[in-house]
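Peer 1: In the order they appear, the protein sequences are chains P and L.
For the first sequence, this note's numbering begins at 1 and goes up steadily by one.
For the second sequence, this note's numbering begins at 187 and goes up steadily by one.
The C-beta atom is built at its ideal place from N, Cα and C for all residues, glycine as well.
Predicted model only: the values in this text are computed from it and were never measured.
What follows is a single structure, and I will ask about it in a moment.
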Amino acid sequence: MTDTRQTDAALLTLAGQGDAAAAAALLDRLGPRLLAFCRRMTGGDTAQAEDIVQEAFLRLWQKAPEWDAGGAAQMSTWLGRVAANLAIDARRRSARMTPLDDDMPLADDAPSAVARLIRAEGLTALDAALAQLPERQRQALVLRHIEGYSNPDIAAMMGCGVEAVESLTARGKRHLAALLAPLKPE
Amino acid sequence: MQDPTDTDDLDALLTAARGDDAPLPQGLRARVLADHARVTAPVRPVGGFGLRGWLAGIVGVPGAAVLGLWLGLAQPDLFYGILPDGGVVDGGLAEEETVLLEDLFGTDWTQGDTL
């Protein structure tokens with residue numbers, strides 16, 4: 001972890017001095033993971049996810065001269081937080097998606113398909129199901145259960161209370177299980 | 187109510203997604219690196235007033251002073267030639283000049299006085 005942090009910090013220092021190769025190396029280290037995260041946060045909106053990645057890296061380049069290599073923030077975490085905020089803000093501004101009803105009834109045998117999905121096309125199915133979740137449920141679920149942020153952190157990002165986050169993640173998880181249920185092999 | 191085992195499976199799937207990544211499209215990669223080049227490009231002086239401007243100032247101002255002095259000392263005819271009336275002065279004050287001097291110094295000046 002420390003080596004990763006030092007490598008990232010060293011690359012960012014060089015990138016901040018105009019070293020294009022260092023910038024490319026840093027982008028290749030952190031970009032793919034960030035793009036996958038952004039795609040999930042945006043429900044599979046590739047164009048928007050790419051815009052968020054670009055904006056997050058732009059802010060990283062701007063922050064390069066003052067980046068604290070010995071500070072508490074890990075670069076990938078910092079980028080993820082910036083991207084999460086951008087994704088939440090972007091979705092607040094646009095109401096293009098029509099989410100499912102938050103109180104959608106659950107299938108009785110819903111979650112039992114998950115184990116097989118892990119071995120098959122689990123992640124693809126997961127992304128498809130996440131894309132169908134109501135927006136705030138999806139964001140809370142991704143931030144909590146995939147990215148591992150704490151509930152208070154998520155509450156701060158999403159501009160709501162911790163109890164609301166707990167409710168969103170719990171409902172999101174139930175909805176996710178319900179959406180994955182039809183994929184269960186007979 | 188969900189089965190705990192199934193919840194664990196869902197958690198495992200979500201955890202598996204944590205290490206997932208997506209290859210960066212070339213277009214996105216190029217845009218990000220173009221942003222980097224723009225942000226870290228050295229700042230150029232506005233209007234190109236850099237070393238060339240300073241050199242022009244250092245050389246130009248003393249050069250103009252020396253040229254003026256040379257014209258006054260070595261080529262006085264050139265200097266007088268551009269003045270009204272060929273630079274010929276009678277040494278006396280004109281009416282406008284007496285008014286100006288009174289305004290400035292408050293003393294009575296008479297037309298035809300010399301400075």
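#1: Since alanine 47 of chain P contacts cysteine 38 of chain P with CB under 8 Å, what's their CB separation in whole angstroms?
#2: Closest by CA to proline 134 of chain P, which one among P/Asp3, P/Leu35, P/Gly44 and P/Ala22?
#3: If you measure from the beta carbon of valine 229 of chain L to each beta carbon in chain P, is any gap under 8 Å?
#4: Against chain P, does alanine 208 of chain L count as a neighbour if the rule is that its beta carbon must be under 8 Å from one of theirs?
#5: In whole angstroms, what is the alpha-carbon distance linking leucine 259 of chain L and glycine 246 of chain L?
#6: Could you check if glutamate 288 of chain L is buried or exposed, using at least 16 other CB atoms within 10 Å of its CB as the buried criterion?
#7: Quick check: is the beta carbon of glutamine 139 of chain P nearer than 8 Å to any beta carbon in chain L?
#8: Ignore the nearest five residues each way along the sequence and tell me which others in alanine 23 of chain P's own chain have a CB closer than 6 Å to its CB.
#9: What does the alpha-carbon distance come out to for the pair leucine 86 of chain P and leucine 241 of chain L?
#10: Beta carbons nearer than 8 Å to chain L: which residues of the stretch 27-55 of chain P have them?
#11: Using beta-carbon positions only, say whether leucine 219 of chain L and leucine 27 of chain P come within less than 8 Å of one another.
#12: Start and end of the alpha helix (DSSP H) containing threonine 124 of chain P?
#13: Among P/Ala10, P/Ala131 and P/Leu176, which one has its Cα closest to the Cα of glycine 70 of chain P?
#14: Can you check whether the C-beta of glycine 80 of chain P is within less than 8 Å of a C-beta belonging to chain L?
#15: Since aspartate 221 of chain L meets chain P, which of its residues come closer than 8 Å, beta carbon to beta carbon?
#16: Looking at the C-beta of leucine 14 of chain P, does it have a partner C-beta in chain L at a distance below 8 Å?
#17: Taking C-beta to C-beta, are isoleucine 88 of chain P and glutamine 139 of chain P nearer than 8 Å?
#18: Rank P/Ala156, P/Arg136, P/Met157 and P/Met158 by C-alpha distance to the C-alpha of alanine 170 of chain P and give the top, closest one.
#19: With a threshold of 16 other CB atoms inside 10 Å of the CB of leucine 264 of chain L, please say whether the residue is buried or exposed.
#20: Return the CA-CA distance between aspartate 3 of chain P and glutamine 74 of chain P, expressed in angstroms with no decimal places.
#21: What alpha helix (DSSP H) runs, 4 residues minimum, are completely inside the stretch 198-251 of chain L?
#22: Should histidine 175 of chain P be flagged as near chain L, meaning a C-beta pair shorter than 8 Å?
Peer 2: Once the coordinates are examined:
#1: Your numbering for residue 47 of chain P matches position 47 in the first sequence. Your numbering for residue 38 of chain P matches position 38 in the first sequence. Cβ-Cβ separation between alanine 47 of chain P and cysteine 38 of chain P: approximately 11 Å, too far for a contact (criterion under 8 Å).
#2: Residue numbering aside, residue 134 of chain P sits at position 134 when the first sequence is read from its first letter. Selected option, being the one with the closest Cα: P/Gly44.
#3: Walking along the second sequence from the start, residue 229 of chain L turns up at place 43. No, valine 229 of chain L does not count as interfacial toward chain P.
#4: Position 22 of the second sequence, counted from the first residue, corresponds to residue 208 of chain L. At a cut-off of 8 Å between beta-carbon atoms, alanine 208 of chain L makes contact with chain P.
#5: For the purposes of this step, residue 259 of chain L is taken as the residue at position 73 of the second sequence. For the purposes of this step, residue 246 of chain L is taken as the residue at position 60 of the second sequence. Their backbone Cα atoms lie some 20 Å apart in a straight line.
#6: The residue you call residue 288 of chain L lines up with position 102 of the second sequence. Result: exposed.
#7: Residue 139 of chain P sits at position 139 when you count from the first residue of the first sequence. Answer no: the Cβ-Cβ gap between glutamine 139 of chain P and chain L never drops below 8 Å.
#8: Within the first sequence, residue 23 of chain P is the residue found at index 23, counting from 1. Excluding sequence neighbours, alanine 23 of chain P sits near Ala15.
#9: Looking up residue 86 of chain P in the first sequence gives position 86. Looking up residue 241 of chain L in the second sequence gives position 55. If you draw a straight line from the Cα of leucine 86 of chain P to the Cα of leucine 241 of chain L, it comes to about 49 Å.
#10: For the stretch 27-55 of chain P, residues whose beta-carbon sits nearer than 8 Å to a beta-carbon of chain L comprise Leu27, Asp28, Gly31, Pro32, Arg33, Leu35, Ala36, Arg39, Arg40, Glu50, Val53 and Gln54.
#11: Position 33 of the second sequence holds residue 219 of chain L. Position 27 of the first sequence holds residue 27 of chain P. In this structure, leucine 27 of chain P lies closer than 8 Å to leucine 219 of chain L by Cβ.
#12: Residue mapping note: residue 124 of chain P aligns to position 124 of the first sequence, counting from 1. First-last of the alpha helix (DSSP H) with threonine 124 of chain P: 122-132.
#13: One-based indexing of the first sequence puts residue 70 of chain P at position 70. That would be P/Ala10, whose Cα lies nearest to the Cα of glycine 70 of chain P.
#14: For the purposes of this step, residue 80 of chain P is identified with residue 80 of the first sequence, where counting begins at 1. Not an interface residue.
#15: For the purposes of this step, residue 221 of chain L is identified with residue 35 of the second sequence, where counting begins at 1. What aspartate 221 of chain L touches in chain P: Gln54, Phe57, Leu58 and Trp61.
#16: Translated into the one-based positions of the first sequence, residue 14 of chain P becomes position 14. Leucine 14 of chain P does not count as touching chain L.
#17: The residue given as residue 88 of chain P occupies position 88 in the first sequence. The residue given as residue 139 of chain P occupies position 139 in the first sequence. Yes.
#18: In the first sequence, residue 170 of chain P corresponds to position 170, counting from 1. Nearest of P/Ala156, P/Arg136, P/Met157 and P/Met158 to alanine 170 of chain P, Cα basis: P/Arg136.
#19: By one-based count along the second sequence, residue 264 of chain L stands at place 78. Per the 10 Å Cβ criterion, exposed.
#20: As a first step, residue 3 of chain P must be located in the first sequence, where it is residue number 3. As a first step, residue 74 of chain P must be located in the first sequence, where it is residue number 74. Near 11 Å, if we compare the C-alpha coordinates of glutamine 74 of chain P and aspartate 3 of chain P.
#21: Counting only runs of 4 or more, we get 212-226.
#22: As a first step, residue 175 of chain P is located in the first sequence; it is residue number 175 there, counting from the start. With 8 Å as the cut-off, histidine 175 of chain P does not count as an interface residue toward chain L.
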